[in-house]
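Q: There's a structure below that I have some questions on.
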Ligand SMILES: C[S@@+](CC[C@H](N)C(=O)[O-])C[C@H]1O[C@@H](n2cnc3c(N)ncnc32)[C@H](O)[C@@H]1O
């Protein structure tokens, strides 16, 4: 099982040597964003979600909830996060409580495939679909949960056409059995055939490569021994392999903005 970490809050407090409630936002930002690009990537996604106060966004694969809290703070919207890993949902709930955002962020432990609520004003998916074998069912399910003309914004990892699989271990897979990478063209085509029209499709790999090059400097700036790589099983190796895969071009990172087709 890839997402095998337990008792994350205890681990964070132990590594940080302080209670969660005392950690500054800069440290939390290095802890709870489980994807390349950190808070900078989420900042790039926010305008494309077209969210305003009072709207509700669906966070598919919400992880530790860093993106959900950032988006709720930045837009004034509500967020419903869904994640299949119980320990992550537990940690995300505590982090959300400490952030004072429990009135606007609800976190559910569920496979997105069996999550029923519908009518969301937007959805986003950050570094999740690599774990999904049946991507058509996954994106059609997201379309079903959105109101017509709602936005779907993705920030996702793809394999480069003709390239070999990236070296394990990876942030999203320890043994490869739950890694289901497809090319960017395949991913985009799948989303388009699942009830969405495309507004934007951007290869952000160069930007992500630069972000990884600056990773050490960023970690030093965050000044916390509890940064994400320290929390994950084999975390440093997984992050390093991800950085290498981005640097060599074995994987690409794409940002996509879609709108739910009226009849989708
Ligand atoms: C690499 S993490 C990204 C977390 C978060 N999106 C972020 O960027 O901080 C991938 C997350 O997707 C979740 N996940 C994978 N498959 C899922 C599924 N079928 N339903 C819900 N969550 C899923 C995992 O539990 C994990 O928390």
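Numbering (my numbering), first residue to last: 1209 to 1472.
Ideal Cβ placement from N, Cα and C applies to all residues, glycine included.
A quick note: this is a predicted structure, and the numbers were derived from the prediction, not measured.
(1) With a threshold of 7 Å (Cβ to nearest heavy atom), would residue 1335 be considered close to ligand 1?
(2) Starting from the C-beta of residue 1379, find all residues in its chain whose C-beta is less than 6 Å away, skip the five residues before and the five after it, and write them out in chain order.
(3) Indicate whether residue 1268 and residue 1317 have their beta-carbon atoms separated by less than 8 Å.
(4) What's the C-alpha gap between residue 1395 and residue 1338?
(5) For residue 1286, collect the residues of the same chain with a Cβ closer than 6 Å to its Cβ; drop the 5 residues on either side in sequence, then sort them by chain order.
(6) When we look at the beta-carbon of residue 1408 and count the other beta-carbons within 10 Å, is it buried (16 or more) or exposed?
(7) Could you pull out every unbroken beta strand (DSSP E) segment of at least 3 residues lying fully inside the region 1305-1354, listed in chain order?
(8) Following a CB-centred definition, is residue 1419 positioned closer than 7 Å to any heavy atom of ligand 1?
(9) So, helix, strand or coil for residue 1409, using DSSP?
(10) When every heavy atom of ligand 1 is checked, does at least one fall within less than 7 Å of the C-beta of residue 1241?
(11) Determine which residues share a DSSP beta bridge with residue 1464 and list them.
(12) Just the Cα atoms here: how many angstroms apart are residue 1448 and residue 1470?
A: In brief:
(1) Locating residue 1335 in the chain shown gives position 127, where the first residue counts as 1. The answer is yes for residue 1335.
(2) Counted from its first residue, the chain shown places residue 1379 at position 171. Closer than 6 Å at Cβ, skipping near neighbours: 1446, 1450.
(3) For the purposes of this step, residue 1268 is taken as the residue at position 60 of the chain shown. For the purposes of this step, residue 1317 is taken as the residue at position 109 of the chain shown. It is not a contact, given that the beta carbons lie outside the stated cut-off.
(4) Position 187 of the chain shown holds residue 1395. Position 130 of the chain shown holds residue 1338. Rounded to whole angstroms, residue 1395 to residue 1338 spans 10 Å at the Cα level.
(5) If you number the chain shown from 1, residue 1286 lands on position 78. Contacts found: 1264, 1312.
(6) By 1-based counting over the chain shown, the position of residue 1408 is 200. When all chains shown are included, residue 1408 counts as exposed.
(7) 1313-1317, 1328-1334
(8) Locating residue 1419 in the chain shown gives position 211, where the first residue counts as 1. No; taking the cut-off as 7 Å, the Cβ of residue 1419 has no heavy atom of ligand 1 nearer than that.
(9) In the chain shown, residue 1409 corresponds to position 201, counting from 1. Here residue 1409 sits in strand by DSSP.
(10) Sequence index remark: in the chain shown, residue 1241 carries index 33 (1-based). Under cutoff, so the answer is yes.
(11) For this step, residue 1464 is matched to residue 256 along the chain shown. Answer is 1362, 1409, bridged to residue 1464.
(12) Position 240 of the chain shown, counted from the first residue, corresponds to residue 1448. Position 262 of the chain shown, counted from the first residue, corresponds to residue 1470. Taking the straight line from one Cα to the other gives about 42 Å.
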